[in-house]
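Read the structure below first, then the notes.
Numbering (the numbering used here), first residue to last: 1 to 239.
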């Protein structure tokens, strides 16, 4: 859930350590568990524990590893706060990050440590202004829930109890890969993990909550269309 006053101070935003990942989009309100073992990221964890507890988690761009220099990453990404840390006997760290806000990359600093640091600007999270379109999206989620079986329906039912529209949109974004896989067929583009993560990044990139709603309506409309082709009647109505 999005929390008031969660954005860190300007000093942290001016020099934010980052942990780029290839298949993870850190969303506001999401908790991300990580197993840390690379020396540079062990150093990063020790640094942030002493300097503000915050880590940026950008999504690596496809094929960036083939380019010279540090791998490229998406310019809008989630900023996480360290909420759990344990050091294992073999030196590894198990940590959890809570996504607290979105940030936009401004500049990467000359590397003085083994991990990368950037300056970022925090992105304000306004409430949606288009209540009619938000109601359409909620209705489509309710319809999808009828096709999801008992466990899936329960998860989506918990989503539908959310009163904060911003949290609803980000939680639905977190569920999006699972919903796309619900209707994926063999050879479907969206059976590919990278393509599913790219959908989450597109939602995160949206310039406003109203644009995020439109994007999610388009995705849920496609899911409902494919569900309708697979089932003439929602499974829950057959019980």
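Even for Gly, the Cβ is constructed at its ideal location relative to N, Cα and C.
Worksheet item: Do you know how far the Cα of residue 81 is from the Cα of residue 93?
Response: 15 angstroms
Discussion item. Which same chain residues end up closer than 6 angstroms to residue 170 when comparing Cβ atoms and leaving out the 5 residues on each side of it in sequence?
Written reply: 27, 28 and 29
Worksheet item: Helix, strand or coil for residue 9 per DSSP?
Response: coil
Worksheet item: Looking at the structure shown, is residue 56 part of a helix, part of a strand, or coil, going by DSSP?
Response: strand
Worksheet item: Do you know how far the Cα of residue 58 is from the Cα of residue 18?
Response: 7 angstroms
Worksheet item: Between which two residues does the alpha helix (DSSP H) harbouring residue 199 extend?
Response: Counting along the chain, the alpha helix (DSSP H) containing residue 199 begins and ends at 193-205.
Worksheet item: Can at least three beta-carbon pairs, one atom from the stretch 9-23 and one from the stretch 107-124, be found at a separation below 8 angstroms?
Response: yes
Practice prompt. Taking residue 167 as part of the alpha helix (DSSP H), name the residues at either end of that continuous run.
Written response: That run of the alpha helix (DSSP H) goes 165-182.
Item to complete: Assign residue 110 to buried or exposed, taking buried as 16 or more other Cβ atoms, counted over all protein chains shown, within 10 Å of its Cβ.
Response: exposed
Discussion item. For residue 126 and residue 135, what's the separation of their Cα atoms in angstroms?
Written reply: Taking the straight line from one Cα to the other gives about 17 angstroms.
Practice prompt. Kindly indicate the opening and closing residues of the beta strand (DSSP E) around residue 114.
Written response: That residue, residue 114, is in no beta strand (DSSP E); it is neither H nor E in DSSP.
Practice prompt. Can you grab the Cα-Cα spacing for the pair residue 199 / residue 43, in whole Å?
Written response: 31 angstroms
Worksheet entry | Cutoff 7 angstroms; reference residue 8; Cβ partners in own chain excluding five residues on either side | 52 and 54
Worksheet item: Count the other CB atoms within 10 Å of the CB of residue 150; is the residue buried (16 or more) or exposed (fewer)?
Response: exposed
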